[in-house]
Amino acid sequence: MLDSKFIRENVKVVSENTKKRTGSDLIVKEFINKDKQLRELQLELDNLRHSRNKVSESINEAKKSGNNQLFQQKIKEAKELPEKIKKAEEKYGLLEKETKEILFKIPNIMHKNVPLGKDASENKEIKKVGQIPKFNFPIKNHVELAENLKIADFEKSSQVSGNGFYYIKKELALLNQALIRFALDSLSKKGYEYIETPLMLHEKEVYASMDRGAIEQSVYSIKGEGDLNLIGTAEQSLLAMHSGDTFSESELPKKYFSYSMCFRKEVGAHGINEKGLWRTHQFNKIEQFIFCKPEDSWKYYDDLLKNTEEIFQKLKLPYRIIEMCVGDLSSWKAKSHDIEVWRPTIKEYGEVASLSNCTDYQARKLNIKVMRDNNQEKQVVHTLNNTALATSRALVAILENYQQKDGSIKIPTVLQKYTGFKIIKALAIKPKSKTKIIKQKHPKKILEKKNKISKK
RNA sequence: GCUAAGGUGGCAGAAUGGUAAUGCGUCAGUCUCGAAAACUGGUGUCCUUACGGACUCGGAGGUUCGAAUCCUCCCCUUAGCGCCA
Numbered sequence: 022m023l024d025s026k027f028i029r030e031n032v033k034v035v036s037e038n039t040k041k042r043t044g045s046d047l048i049v050k051e052f053i054n055k056d057k058q059l060r061e062l063q064l065e066l067d068n069l070r071h072s073r074n075k076v077s078e079s080i081n082e083a084k085k086s087g088n089n090q091l092f093q094q095k096i097k098e099a100k101e102l103p104e105k106i107k108k109a110e111e112k113y114g115l116l117e118k119e120t121k122e123i124l125f126k127i128p129n130i131m132h133k134n135v136p137l138g139k140d141a142s143e144n145k146e147i148k149k150v151g152q153i154p155k156f157n158f159p160i161k162n163h164v165e166l167a168e169n170l171k172i173a174d175f176e177k178s179s180q181v182s183g184n185g186f187y188y189i190k191k192e193l194a195l196l197n198q199a200l201i202r203f204a205l206d207s208l209s210k211k212g213y214e215y216i217e218t219p220l221m222l223h224e225k226e227v228y229a230s231m232d233r234g235a236i237e238q239s240v241y242s243i244k245g246e247g248d249l250n251l252i253g254t255a256e257q258s259l260l261a262m263h264s265g266d267t268f269s270e271s272e273l274p275k276k277y278f279s280y281s282m283c284f285r286k287e288v289g290a291h292g293i294n295e296k297g298l299w300r301t302h303q304f305n306k307i308e309q310f311i312f313c314k315p316e317d318s319w320k321y322y323d324d325l326l327k328n329t330e331e332i333f334q335k336l337k338l339p340y341r342i343i344e345m346c347v348g349d350l351s352s353w354k355a356k357s358h359d360i361e362v363w364r365p366t367i368k369e370y371g372e373v374a375s376l377s378n379c380t381d382y383q384a385r386k387l388n389i390k391v392m393r394d395n396n397q398e399k400q401v402v403h404t405l406n407n408t409a410l411a412t413s414r415a416l417v418a419i420l421e422n423y424q425q426k427d428g429s430i431k432i433p434t435v436l437q438k439y440t441g442f443k444i445i446k447a448l449a450i451k452p453k454s455k456t457k458i459i460k461q462k463h464p465k466k467i468l469e470k471k472n473k474i475s476k477k
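As numbered in the numbering used here, residues 22 to 477 make up the first sequence, in order.
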């Protein structure tokens, strides 16, 4: 949320920004109006309370001095006040709630360079990195590849949990763990602090990181457990970790990274009914998160992008960077870039990481501040986040980009020390159709191979 | 989960129905060539141009003219017991 005082003092800036982002600045006008009423009501309420405090004080004095007549008279006088105060309080509470709701709807002030555009189709491509692989054989998508290799089971998972879940098995599951370790090591070396967080949060903390719309579309809440919700990203739990804290200047920046499971409803999301690992209700993610002084946030923004790029470069996966245009920028962000990885099967880039500078918008909701050295003044900190690696999408990219003619999958070199194997070997026997069995020329060799594997 | 004791500013620690003592820390000023000590003033949030005022004792309600204090519900901490990956 924005600072009410800032809105009052910069109506023009906020209105223009809101209009640019949502097409209308009506909510700003509405806020100004409500906020004015609210402050008038507060003055009224304060005056009522003041007179109560005064009367109470005089009652106390009368009691102490033993002036019984005055005491009785004042009590009589005081008895009328609580009712009035209660009414004013109720009115105030209601108006305050309304005003806050509107305040939450006013979007963050964008960075001045955010490109114009209506929606995702108008996002700006910044650069492309890496060689797009060429295949001299018909390629398969990750679902076919994984099912043929029997390293994933999407039938069973949809049976037991519904669509959007997965069983990954054997080499694929180990590759998943290898990706996690690889990303953790990569960020550890950069001096970021590793954190493991709660996977459930109260509503207030979840709400701090995003807006109402995003929550309704993504957040799972736990039935019968008060207002507990599964996190959609460790961004939420990392932000909440410093809820209410005031840092000294020397403590900042706080650079964190975290590994967690993420849970998302994906209501209305395109592709949630598609089989596979690309869009799922549950996935593993290594997330980067920074709390910093306001003047430093753009510097760290670049760092966060570099860290993730480095990971994809080391995995030798072709990717591109795009910048979110106004129409595709979430309300709480000041600026955002995505990293998209190449998917040869659909001949498109697909989102694998999302970088954001939320400036002070998130931190204000949880009252996270920094005490300035010079003038002893507190200032709301800036928060930034970027995916380091969401493993399920990286798995898709690896399966599809590293597939071989025989259906086996090469393991990216940097991951081999974590997996312990260099290739996910194609299965020798394909018993599905008779013709294929006939085609197999060396059944002895196949048997030998099988024995070797089972010995391992 | 049970039992017991607790939860008051950055920290320690009083106030048991009369409007949050005090100490430490910290910041500023005086003094000093400078520092220390000493002294003086400030040190949570909000409203107000200001004068002022309101709020704040883990949270939410309630009783009362008035609640840190009494009542109800909830949360958390510590210790012991129980259960458990």
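All C-beta atoms, glycine included, are put in the ideal place defined by N, C-alpha and C.
Only a predicted model underlies this, so the values are computations on that prediction, with no experimental measurement involved.
Using DSSP's beta-bridge definition, name the partner residues of Thr408. Glu308
Among the candidates Glu287, Gly292 and Ile311, whose CA atom is the shortest distance from the CA of His481? Residue 481 lies beyond the stretch modelled for the chain, which goes from 22 to 477, so this question has no answer here.
Below 7 Å between beta carbons: does that hold for Gly138 and Gly348? yes
Let me confirm a value: Ile243 is counted as buried when at least 16 other C-beta atoms fall within 10 Å, else exposed. Which label applies? exposed
Per the DSSP calculation, Ala173 is bridged to which residue(s)? DSSP output for Ala173 lists Ile189 as bridge partner(s).
Could you check the C-alpha separation between Gly212 and Phe278 for me, to the nearest Å? 10 Å
CA-to-CA distance, Lys75 to Ala255, given in whole angstroms: 50 Å
Per-residue DSSP class, three states only, for Leu448: In this structure, DSSP gives Leu448 a state outside helix and strand, which the three-state scheme calls coil.
Judging by CA-CA distance, which residue of Ala409, Phe333 and Ser377 is the nearest neighbour of Val135? Ser377
In terms of alpha-carbon separation, which member of Leu200, Glu117 and Phe92 lies closest to Thr20? Examination of residue 20 is not possible in this model, given that the chain is present from 22 through 477 alone.
Quick check: what's the CA-CA separation for His71 versus Tyr228? 35 Å
Among Gly428, Lys438 and Ala449, the one whose alpha carbon lies nearest that of Pro159: Gly428
Specify, as a first and last residue, the run of the alpha helix (DSSP H) that Arg234 falls within. The residue asked about is misnamed: residue 234 is Gly in this sequence, not Arg. Per DSSP, the unbroken alpha helix (DSSP H) holding Gly234 starts and ends at Arg233 to Ser239.
Who are the Cβ neighbours of Gly253 in its own chain at under 7 Å, not counting the five residues just before and after it? Ser239, Val240, Cys283, Phe284 and Arg285
Within 10 angstroms of its Cβ, does Pro103 collect 16 or more other Cβ (buried), or is it exposed? exposed
Ranges of the beta strand (DSSP E) found wholly within the segment 235-281, counting only runs of at least 3: 249-251 and 267-269
Does Tyr215 pass the burial test, meaning 16 or more other C-beta atoms within 10 Å, or should it be called exposed? exposed
Give me, in chain order, the residues of the same chain whose beta-carbon lies closer than 8 Å to that of Ser399; leave out the 5 immediate sequence neighbours on both sides. The sequence shown places Lys at residue 399, not Ser. Same-chain partners within the cutoff: Thr267, Lys390, Val391, Met392 and Arg393.
Can you check which of these residues, Ile127, Lys306 and Ser209, is closest to Gln257 by C-alpha distance? Lys306
Which residues does DSSP pair with Met345 in a beta bridge? According to DSSP, which records beta bridges pairwise, Met345 is partnered with nothing at all.
For my contact list, Ile480 and Ile48 are in at a C-beta cut-off of 8 Å; report their separation, rounded to the angstrom. Because the chain is modelled from 22 through 477, residue 480 falls outside the range shown and cannot be assessed.
Beta-carbon separation (whole angstroms), Trp353 vs Asn129, contact threshold 8 Å: About 5 Å separates the beta carbons of Trp353 and Asn129, which is inside the 8 Å limit, making them a contact pair.
When the Cα atoms are used, what is the spatial distance from Lys177 to Lys118? 46 Å
What do you get for Lys26, buried or exposed, if any count of 16 or more other CB atoms within 10 angstroms of its CB means buried? exposed
I'd like to check one pair, Asp381 with His537: are the Cβ atoms closer than 7 Å? Past the boundaries of the shown model lies residue 537; the chain is included only from 22 to 477, so the question cannot be answered.
Is Asp359 helix, strand or coil when you go by DSSP? strand
Host beta strand (DSSP E) of His71 (start-end): Per DSSP, His71 belongs to no beta strand (DSSP E); it is in the alpha helix (DSSP H), Leu47 to Ser86.
Roughly how many angstroms separate the alpha carbons of Glu98 and Glu30, rounded to a whole number? 41 Å
Counterpart residues of Phe203 in DSSP-defined beta bridges: In the DSSP output, where bridge partners are listed per residue, Phe203 has none listed.
Opposing strand residues paired with Leu376 [DSSP bridges]: His358 and Asn407
If Leu387 sits next to Gly297, beta carbons under 8 Å apart, how far is it from one beta carbon to the other, in whole angstroms? About 36 Å separates the two Cβ atoms, so there is no contact after all.
From this set, Ala449, Ile106 and Ser36, which residue's C-alpha is nearest Glu65's C-alpha? Ile106
Inspect the CB distances between the segment 148-156 and the segment 332-342 and report whether three or more fall short of 8 Å. yes
Excluding five sequence neighbours on each side, which residues of the same chain lie with their C-beta closer than 8 Å to the C-beta of Lys112? Excluding residues within five positions, the ones whose Cβ falls inside 8 Å are Leu62.
How about Ile311 and Lys356: do their beta carbons lie closer than 7 Å? no
Per DSSP, what kind of secondary structure is Lys455 in: helix, strand or coil? In this prediction, Lys455 scores a pLDDT of 45, lower than 50, which makes its location untrustworthy; the coordinate-derived value is nonetheless stated afterwards. Looking at Lys455 - three-state DSSP - the assignment turns out to be helix.
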